[in-house]
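Undergrad:
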């Protein structure tokens with residue numbers, strides 16, 4: 001595990017000697033634009049491992065992506081190596097279908113203390129809910145970023161992460177009535193406490209999310225990658241390109257349906273992911289990831 005090798009993986013050539021907010025932000029942005037959020041291992045017959053060594057080997061050496069327990073665990077090692085005061089914490093993701101937060105901690109994210117302030121660093125949520133900058137942990141403050149307005153709300157030690165989405169325009173009429181085209185609204189993303197966690201705390205949920213027929217990650221194959229002005233997202237056979245704020249308070253959302261052959265080519269070309277085993281796309285639920 002070599003920090004220089006990691007920087008090569010994310011194409012980061014900047015300074016990293018001073019553990020300040022500017023450096024943290026730069027490294028973070030390089031990471032989310034180089035390392036996809038993806039669960040393709042589940043749909044290639046592979047097991048997702050959480051220990052740092054296999055995560056490093058998968059993401060850095062094999063140039064794969066990963067889900068939150070991989071992406072943010074790797075970022076935890078990176079930031080600790082660079083001298084940042086970093087803590088693993090756990091969150092419960094909001095389920096729109098259930099209109100409730102999950103009962104179990106199923107999302108790994110990071111808290112970083114810097115110059116007397118606390119920041120949340122989350123490089124493992126993907127799609128349109130991926131923050132592009134570390135967020136100051138302060139309740140009720142709108143924090144505008146390119147993807148939209150993010151904010152935290154705190155109530156009795158429980159922190160709620162929300163995003164205000166813009167209107168969306170999809171020129172493809174076949175998708176014009178889909179729930180992608182949500183109007184400007186505040187969307188719940190997850191809740192968390194500041195209780196420090198260890199990677200062991202996430203192992204039972206990791207097994208469940210990889211094997212249960214009720215798991216979103218079993219019913220959907222997902223691969224998303226942030227770009228300089230938006231993102232690409234491949235869910236099953238549906239490829240979506242998002243360009244943020246292409247018009248005033250309007251995101252451009254272009255969606256196409258691919259063939260199996262096009263899916264395989266897109267994974268290589270758009271997401272720069274090389275798979276060792278045969279990938280079988282899946283999308284057996286209607287919920288939108290974008």
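Numbering (the UniProt record's numbering), first residue to last: 1 to 290. Note that the Cβ used here is the ideal one computed from N, Cα and C, for glycine as well.
Applying the 10 Å Cβ sphere with the 16-neighbour rule, what's the burial state of residue 186?
TA: Here residue 186 refers to the residue found at position 186 when the chain shown is read from its first residue. Burial call: exposed.
Undergrad: Straight-line CA distance for residue 273 to residue 156?
TA: The residue given as residue 273 occupies position 273 in the chain shown. The residue given as residue 156 occupies position 156 in the chain shown. When rounded, the distance between both Cα atoms is 42 Å.
Undergrad: Taking one C-beta from the segment 253 to 265 and one from the segment 198 to 211 each time, how about it: are there three or more such pairs within less than 8 Å?
TA: Contact fails: fewer than three Cβ-Cβ distances are below 8 Å.
Undergrad: Around the Cβ of residue 60, are there at least 16 other Cβ atoms within 10 angstroms (buried) or fewer (exposed)?
TA: Against the chain shown, residue 60 aligns to sequence position 60. Buried.
Undergrad: Whose CA, out of 172, 193 and 212, lies closest to the CA of residue 257?
TA: Working through the chain shown from its first residue, we reach residue 257 at position 257. When each option's Cα is compared against that of residue 257, the closest is 172.
Undergrad: Please return the same chain residues whose Cβ sits closer than 8 Å to the Cβ of residue 48, not counting the five positions on each side in sequence.
TA: Looking up residue 48 in the chain shown gives position 48. Result list for residue 48: 39, 41, 42, 66, 67, 69, 70, 206 and 210, in chain order.
Undergrad: Using 8 Å as the cut-off, can you tell me whether the segment 108 to 116 makes contact with the segment 70 to 87, which would need three or more C-beta pairs spanning the two stretches below that distance?
TA: Short answer: they touch.
Undergrad: So, helix, strand or coil for residue 144, using DSSP?
TA: Against the chain shown, residue 144 aligns to sequence position 144. Strand at residue 144.
Undergrad: What first and last residue would you give for the beta strand (DSSP E) that runs through residue 77?
TA: The residue given as residue 77 occupies position 77 in the chain shown. Note, residue 77: premise wrong, no beta strand (DSSP E); alpha helix (DSSP H) at 68 to 81.
Undergrad: Which partner residues does residue 283 have in the DSSP bridge list?
TA: Against the chain shown, residue 283 aligns to sequence position 283. Residue 283 is bridged to 220.
Undergrad: Using a Cβ-Cβ cutoff of less than 6 Å, which residues in the same chain neighbour residue 79 once the five nearest sequence positions on both sides are dropped?
TA: What you label residue 79 is simply residue 79 of the chain shown in a count that begins at 1. Answer for residue 79: 86, listed in chain order.
Undergrad: Does residue 3 pass the burial test, meaning 16 or more other C-beta atoms within 10 Å, or should it be called exposed?
TA: Within the chain shown, numbered from 1, the residue matching residue 3 stands at position 3. Exposed, by the Cβ-count rule.
Undergrad: Out of 289, 214, 228 and 223, state which residue places its alpha-carbon closest to the alpha-carbon of residue 279.
TA: One-based indexing of the chain shown puts residue 279 at position 279. With distances taken between Cα atoms, residue 279 lies closest to 223.
Undergrad: Counting C-beta neighbours from all protein chains within 10 Å, is the total for residue 100 16 or more, i.e. buried, or is it exposed?
TA: Within the chain shown, the letter at position 100 stands for residue 100. Flag for residue 100 reads exposed.
Undergrad: Rounded to whole angstroms, what's the CA-CA distance from residue 120 to residue 140? Just pull it up for me.
TA: Position 120 of the chain shown holds residue 120. Position 140 of the chain shown holds residue 140. So the alpha carbons of these two residues sit roughly 15 Å apart.
Undergrad: Just curious, the beta strand (DSSP E) that residue 119 is in, first and last residue?
TA: Taking the chain shown and counting its residues from 1, the one referred to as residue 119 is at position 119. Element bounds for residue 119: 117 to 121.
Undergrad: Since residue 189 and residue 162 are thought to touch, with beta carbons under 8 Å apart, how far apart are those beta carbons, to the nearest angstrom?
TA: Start at 1 with the first residue of the chain shown, and residue 189 comes out as number 189. Start at 1 with the first residue of the chain shown, and residue 162 comes out as number 162. Right, the Cβ-Cβ distance comes to about 6 Å (below 8 Å), so this counts as a contact.
Undergrad: Buried or exposed, going by whether 16 or more other CB atoms sit within 10 Å of the CB of residue 22?
TA: If you number the chain shown from 1, residue 22 lands on position 22. That one is exposed.
Undergrad: Using CA atoms only, rank isn't needed, just tell me which of 118, 232 and 267 is closest to residue 64.
TA: By one-based count along the chain shown, residue 64 stands at place 64. With distances taken between Cα atoms, residue 64 lies closest to 267.
Undergrad: Suppose the cutoff is 7 Å on Cβ atoms and the five residues either side in sequence are ignored; what does the same chain contact list for residue 302 look like?
TA: For the chain, the structure presents residues 1 to 290; residue 302 sits outside this window and is missing.
Undergrad: Mind checking which residues open and close the beta strand (DSSP E) that includes residue 110?
TA: Reading the chain shown from its first residue, position 110 is the one you call residue 110. Residues 107 to 114.
Undergrad: Take residue 159 as the anchor and find which of 97, 89, 146 and 228 has the nearest alpha-carbon.
TA: Residue mapping note: residue 159 aligns to position 159 of the chain shown, counting from 1. Of the listed residues, the one whose Cα sits closest to residue 159 is 89.
Undergrad: Ordered along the chain, which non-local residues of its own chain (more than five positions away) have a Cβ less than 7 Å from that of residue 236?
TA: Looking up residue 236 in the chain shown gives position 236. The residues are 220, 221, 281, 282 and 283.
Undergrad: Please report how far the alpha carbon of residue 299 lies from the alpha carbon of residue 54, in whole angstroms.
TA: Given that the chain is displayed from residue 1 to residue 290, the structure contains no residue 299 and the question cannot be resolved.
Undergrad: Measure the alpha-carbon distance for residue 95 versus residue 191 and round it to whole angstroms.
TA: Taking the first residue of the chain shown as 1, we reach residue 95 at position 95. Taking the first residue of the chain shown as 1, we reach residue 191 at position 191. Spanning the two alpha carbons is a distance of roughly 11 Å.
Undergrad: Measuring alpha carbon to alpha carbon, tell me which residue in 51, 212, 265 and 76 is nearest residue 291.
TA: Residue 291 is absent from the structure shown; the chain starts at 1 and stops at 290.
Undergrad: Less than 6 Å between C-beta atoms, sequence neighbours within five positions excluded: which residues of the same chain meet that for residue 24?
TA: Here residue 24 corresponds to residue number 24 of the chain shown, with the count starting at 1. So the qualifying residues of the chain are 134.
Undergrad: Using the beta-carbon count (16 or more within 10 Å), is residue 9 buried or exposed?
TA: As a working note, residue 9 is residue 9 in the chain shown. With 16 or more Cβ atoms within 10 Å of its Cβ, residue 9 is classed as buried.
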